[in-house]
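Only one structure is covered here, and it is reproduced in the block below.
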Amino acid sequence: MTISLAEATEIRARESQLRIVAADASAAISLVRGMGAVQARNLLRFGPGRTYEQVARLLDKALAKSGTCGHGGDTLVVAGGTATAVDDIVRIRRKAHGVADWISSPASDVTITLRPQGLVATDEQQRADSAPSEPAPTRHAENPAELRVRDALYDVIDPDLGVNVVDLGFVREITLDEAGEVTIVMTLTSAACPLTEVMERNISAVLSDQVRAFRLQWEWLPSWKPSDISADGREQLQAIGFSHF
0 MTISLAEATE
10 IRARESQLRI
20 VAADASAAIS
30 LVRGMGAVQA
40 RNLLRFGPGR
50 TYEQVARLLD
60 KALAKSGTCG
70 HGGDTLVVAG
80 GTATAVDDIV
90 RIRRKAHGVA
100 DWISSPASDV
110 TITLRPQGLV
120 ATDEQQRADS
130 APSEPAPTRH
140 AENPAELRVR
150 DALYDVIDPD
160 LGVNVVDLGF
170 VREITLDEAG
180 EVTIVMTLTS
190 AACPLTEVME
200 RNISAVLSDQ
210 VRAFRLQWEW
220 LPSWKPSDIS
230 ADGREQLQAI
240 GFSHF
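For the sequence shown, numbering that gives the first Met the number 0 puts the final residue at 244, and the numbers step up evenly by one.
Structure, rendered in structure tokens:
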């Protein structure tokens, strides 16, 4: 079965009438946005500081859904969410001798969105990506030695997507100086992505017998976009089961 990239990499949990004030739910989401899902749930439930048990339970629901998408809870990040006030929850409180009164509790329509670490982009980042961006910086034409380094980087695979970093559009520029040191300008899906250290280790392993020394220069602007993926990269993603990216 073929699934879209969004369907495979975004987990949403929603409660249309969660017993919490909308402002508090929004504060809870803002508190944990960009945080690992398990860590976020524990913070909301146990603190330190103010706790938000209702939103923690909604995160429980999202984490329970994550298994159907093939993701462990420890690989997911809180990408964002929304909270909108709705009608209060009203119930009858019955007392002795047939006496009763009404109890109302504030309620909100709350949604939490989780995404895998390798594809994390918060709602704010996605809105920023949709805005007109600055022109991409001019890149120099790579010489044969620099192109050999680029060829070697085809062996570096993104651990979340299963496609090499070159075809994913993560490698932006390679420069070899007179001393033989290579500078690799790279990006990832977002600055919040926790894979920078993993990438450095994997690149070091690939280039250990290729170059004298190298350094990675992370570049987050302009932001990475799915359109940066090469045609070969799209074919590889489709072979894995992703589409509509």
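Yeah, the Cβ is synthetic: ideal placement off N, Cα and C, and Gly gets one too.
Check: Between ALA106 and GLN209, is the Cβ-Cβ spacing less than 8 Å?
Finding: no
Next item on the list: For ALA212, I'd like the list of residues in its chain whose CB is within less than 6 Å of its CB, leaving aside the five on either flank, ordered along the chain.
Entry: GLU180
Checklist line | Those runs of the beta strand (DSSP E) which lie wholly inside the segment 173–224 and span at least 3 residues | finding: 180–185 and 212–217
Notebook entry, point to check: Relative to the C-alpha of TYR51, which residue among TRP217, VAL170 and SER25 is closest?
Noted result: SER25
Check: Which whole-angstrom value is the C-beta distance of ILE28 and ALA82, which I expect to be below 8 Å?
Finding: 7 Å
Check: Can you tell me the Cα-Cα spacing of VAL31 and ARG149, whole angstroms?
Finding: 37 Å
Checklist line | Nearest residue (CA-CA) to THR110, options GLU172, GLN53 and LEU220 | finding: GLN53
Checklist line | Residue range of the unbroken alpha helix (DSSP H) whose run includes SER25 | finding: 21–31
Notebook entry, point to check: Which of helix, strand or coil does DSSP assign to SER247?
Noted result: Nothing can be reported for residue 247: it is not among the residues displayed for the chain, which extend from 0 to 244.
Margin query: Does any residue of chain C have a CB that is nearer than 8 Å to the CB of ALA140?
Written below: The chain labelled as chain C is not found in the depicted structure, where only one protein chain is given.
Margin query: Let's see if you can read the secondary structure: which residues bound the alpha helix (DSSP H) around ARG147?
Written below: 143–151
Notebook entry, point to check: Going by alpha carbons, who is nearest to LYS60 out of GLU199, ARG13, MET185 and VAL77?
Noted result: ARG13
Next item on the list: Work out the CA separation of ILE239 and VAL162 for me, nearest whole Å.
Entry: 9 Å
Next item on the list: For THR50, name the three-state secondary structure that DSSP assigns.
Entry: coil
Note to self: For the alpha helix (DSSP H) containing ARG18, name the first residue and the last one.
What the structure shows: Here ARG18 belongs to no alpha helix (DSSP H), and DSSP marks it neither H nor E.
Checklist line | LEU113 and ALA36 closer than 8 Å at C-beta | finding: yes
Checklist line | Other residues of its chain near ALA127: CB distance less than 6 Å, five sequence neighbours each side excluded | finding: Only weak support exists for where ALA127 lies, its pLDDT of 46 falling under 50; the value from the coordinates is given anyway. Within the same chain, ALA127 has no close Cβ partners at all.
Next item on the list: Go through its chain and collect everything with a Cβ distance to PRO193's Cβ below 7 Å, but skip five positions before and after it.
Entry: GLN116
Item checked: Local conformation of ALA140 per DSSP, three classes -> coil
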